[in-house]
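Structure first, then comments.
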Amino acid sequence: MRSFAKAITAIAVIAFLGVSLRLASPEISNPPVTSDFAGPDSIAVIFKHACYDCHSNETQLSWYDKVAPVSWLVASHVEEGRKHLNLSKWDSLSPSQQLSTLWYMVNMIDQGVMPLKSYAAVHPGAEVSATELQQLKRYVVTLSGKQTSGPKPQTAPATPVKTNNITAVHQSINGIEYDSDYRNWKVIASTNRIDNGTMRVIYGNDIAVKAIQENHITPWPDGARIAKVVWNKTAEDENGNVYPGAFNNIQFMIRDARKYKDTGGWGYARFNTPELIPYGKKADFATECSNCHKLAAGQGFVFDIPTHASKTIANN
Amino acid sequence: MNLKNISLVLLVLLTAACSKPKSSTLAPEALYTNEGFSVITSFFNNKQQTTTILYGNPAAQQAISTGSAGQVIGEDYRLVTWIQRPNPLWFGSNINGQIKSIERVTIAAAPEGTIVSQYELLQGDLVNAPKDSLEQKRTQYIYSLRPLVFP
Chain P
1 MRSFAKAITA
11 IAVIAFLGVS
21 LRLASPEISN
31 PPVTSDFAGP
41 DSIAVIFKHA
51 CYDCHSNETQ
61 LSWYDKVAPV
71 SWLVASHVEE
81 GRKHLNLSKW
91 DSLSPSQQLS
101 TLWYMVNMID
111 QGVMPLKSYA
121 AVHPGAEVSA
131 TELQQLKRYV
141 VTLSGKQTSG
151 PKPQTAPATP
161 VKTNNITAVH
171 QSINGIEYDS
181 DYRNWKVIAS
191 TNRIDNGTMR
201 VIYGNDIAVK
211 AIQENHITPW
221 PDGARIAKVV
231 WNKTAEDENG
241 NVYPGAFNNI
251 QFMIRDARKY
261 KDTGGWGYAR
271 FNTPELIPYG
281 KKADFATECS
291 NCHKLAAGQG
301 FVFDIPTHAS
311 KTIANN
Chain U
317 MNLKNISLVL
327 LVLLTAACSK
337 PKSSTLAPEA
347 LYTNEGFSVI
357 TSFFNNKQQT
367 TTILYGNPAA
377 QQAISTGSAG
387 QVIGEDYRLV
397 TWIQRPNPLW
407 FGSNINGQIK
417 SIERVTIAAA
427 PEGTIVSQYE
437 LLQGDLVNAP
447 KDSLEQKRTQ
457 YIYSLRPLVF
467 P
């Protein structure tokens with residue numbers, strides 16, 4: 001009789017907790033779709049099963065998504081996800097933003113960051129297969145290929161270097177100033193991008209170069225400075241050479257773990273066009289930079305450092 | 317901290333424990349450093365999958381920027397070429413790997429007040445071509461490169 005009473009009590013407690021947790025769950029609504037992602041069906045179908053639950057207004061919840069504490073996590077994922085990217089508001093992005101977003105999405109998937117491991121673990125249908133990832137890669141490469149491939153290379157003799165007389169202080173909204181001293185730093189790497197038609201030379205100051213040489217980059221030492229100078233590419237010549245065209249922008253990463261703790265210890269700044277117009281209208285623009293650089297967390301949030309091709313190791 | 321916050325923290329920690337950032341072994345030997353030399357230009361080659369930077373001392377920078385490369389004693393150029401490979405951290409970006417070759421061209425004084433250019437392959441191999449012709453071609457090629465436009 002006593003054990004029967006215990007069982008009844010246990011059932012009552014579980015039921016009470018269940019109802020309480022259910023009632024405590026947040027509501028996740030689906031606002032109207034204003035402009036759905038516009039792309040081939042073969043690509044849209046991948047996004048729908050892998051991304052839409054958190055990155056669209058067409059969230060489809062399983063029953064267990066609606067029970068606390070899972071529901072709290074799901075609600076926060078959906079809220080955050082829609083804030084970062086909402087594929088139901090695709091036209092709110094400019095064509096160039098759409099292209100860079102697609103590349104970003106492919107890279108987030110390629111690096112195993114998206115779909116979130118915790119989400120995919122309980123939503124196996126969200127996983128992106130290797131075949132689908134290849135499909136996505138081909139898609140973005142094709143899209144970028146449709147962009148103009150740049151002007152023809154100039155074959156005339158060298159002309160004088162155009163150097164602006166930088167007299168005014170060029171300052172990002174977060175206080176980081178354009179630092180022309182980078183020309184005296186060492187080159188860390190040179191890169192070229194097929195996603196946005198640019199090529200770059202990446203410089204590091206002595207502290208940054210020493211950090212690479214001594215493999216002390218997780219974390220990088222305070223005082224490290226990196227400058228990435230970006231030029232547009234010109235069209236490939238008959239020998240396969242691609243030369244730089246117009247100056248596009250220059251980006252700085254300034255290491256100060258305390259000052260820039262909200263953005264992974266790095267201060268970010270970018271100056272566009274030869275006029276060096278600071279990028280970012282609000283101080284939190286660097287969060288956008290920092291979020292993307294999280295993909296390079298294993299290299300202290302710096303993408304462009306020469307590494308060995310065959311000795312990839314997991315970093316704990 | 318209420319039940320909701322504790323649960324969220326636990327769930328986030330569980331997620332974080334499953335995610336490890338990717339990292340690779342650094343290749344500091346791929347960095348080319350030479351005091352007193354600055355970047356003149358940079359380019360890459362899709363057929364050979366290489367990326368190249370032309371460095372120069374102040375005399376070389378001045379000469380090439382005024383279209384008079386190869387005419388002033390003291391000009392010193394280094395053409396450094398790396399193997400190019402995909403950046404493991406970003407699909408769509410190629411980055412330099414190991415150094416493939418380093419070429420040097422200098423301008424020195426010659427008898428009777430003339431000047432002479434000297435070509436040296438300091439490191440690596442270039443295409444299989446007659447030595448004299450190759451040296452002359454490479455020297456002229458370096459002189460023909462246009463400097464980058466810096467802000």
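Heads up: the sequence lines are chains P and U, in that order. Number 19 in the working numbering belongs to position 19 of the first sequence; there are no gaps in the numbering. Number 345 in the working numbering belongs to position 29 of the second sequence; there are no gaps in the numbering. Glycine is no exception: its CB is placed at the ideal position from the N, C-alpha and C atoms.
Asked: CA-to-CA distance, V201(P) to Y279(P), given in whole angstroms; Found: 19 Å
Asked: Euclidean distance between Cα positions of E80(P) and C54(P); Found: 8 Å
Asked: Beta bridge counterpart(s) of D392(U) as assigned by DSSP; Found: T422(U)
Asked: I109(P), enclosing alpha helix (DSSP H) - first and last residue; Found: P95 to D110
Asked: Through-space distance from I411(U) to Y243(P), alpha-carbon basis; Found: 15 Å
Asked: Cutoff 7 Å: V161(P) Cβ touching any chain U Cβ; Found: Low local confidence applies: a pLDDT of 42 at V161(P) is under 50, so the model's placement there is unreliable, with the coordinate-based value given in what follows. So yes, V161(P) belongs to the interface.
Asked: Bounding residues of the beta strand (DSSP E) (the contiguous stretch that carries P244(P)); Found: P244 to R255
Asked: One or two residues paired with R193(P) in a DSSP bridge; Found: S409(U)
Asked: Between the CA atoms of Q452(U) and V421(U) - distance to the nearest angstrom; Found: 10 Å
Asked: For R138(P), the three-state DSSP class (helix, strand or coil); Found: helix
Asked: Beta-carbon proximity of I423(U) to G413(U), cut-off 7 Å; Found: no
Asked: Within chain U, partners of R183(P) - CB distance below 9 Å; Found: S354, V355 and F466
Asked: Q364(U) to S100(P) span [Cα, whole Å]; Found: 27 Å
Asked: I43(P), enclosing alpha helix (DSSP H) - first and last residue; Found: D41 to A50
Asked: Whether V396(U) touches Y348(U) by CB criterion (7 Å); Found: yes
Asked: Beta-carbon neighbours of D411(U), restricted to chain P and to distances below 7 Å; Found: Looking at the sequence itself, residue 411(U) is Ile, so the reference to Asp does not match. Near I411(U) (Cβ distances below 7 Å), the residues of chain P are A189, T191, D304 and P306.
Asked: Residue nearest to D181(P) in terms of C-alpha spacing, selected from S76(P), V141(P), F252(P) and A189(P); Found: F252(P)
Asked: Short CB-CB distance (under 7 Å) between G197(P) and chain U; Found: no
Asked: Residues bridged to R401(U) [DSSP beta-bridge criterion]; Found: I411(U)
Asked: Buried or exposed by the 16-neighbour rule on C-beta atoms within 10 Å, applied to P463(U); Found: buried
Asked: Per-residue burial, P404(U) [other beta carbons within 10 Å of its own, 16 or more giving buried]; Found: buried
Asked: Beta carbon of G368(P) nearer than 7 Å to that of W220(P); Found: The structure shown does not extend to residue 368(P), since chain P spans only 1 to 316, so no value can be given for it.
Asked: I415(U) to H216(P) span [Cα, whole Å]; Found: 22 Å
Asked: is_contact[S358(U), chain P] using C-beta, thresh 7 Å; Found: yes
Asked: Per DSSP, the bridge partner or partners of Q434(U); Found: T422(U)
Asked: Environment of N373(U) [buried if 16+ CB atoms lie within 10 Å]; Found: buried
Asked: Neighbourhood of I43(P) by C-beta, 6 Å cutoff - its chain only, sequence neighbours within 5 removed; Found: Y139
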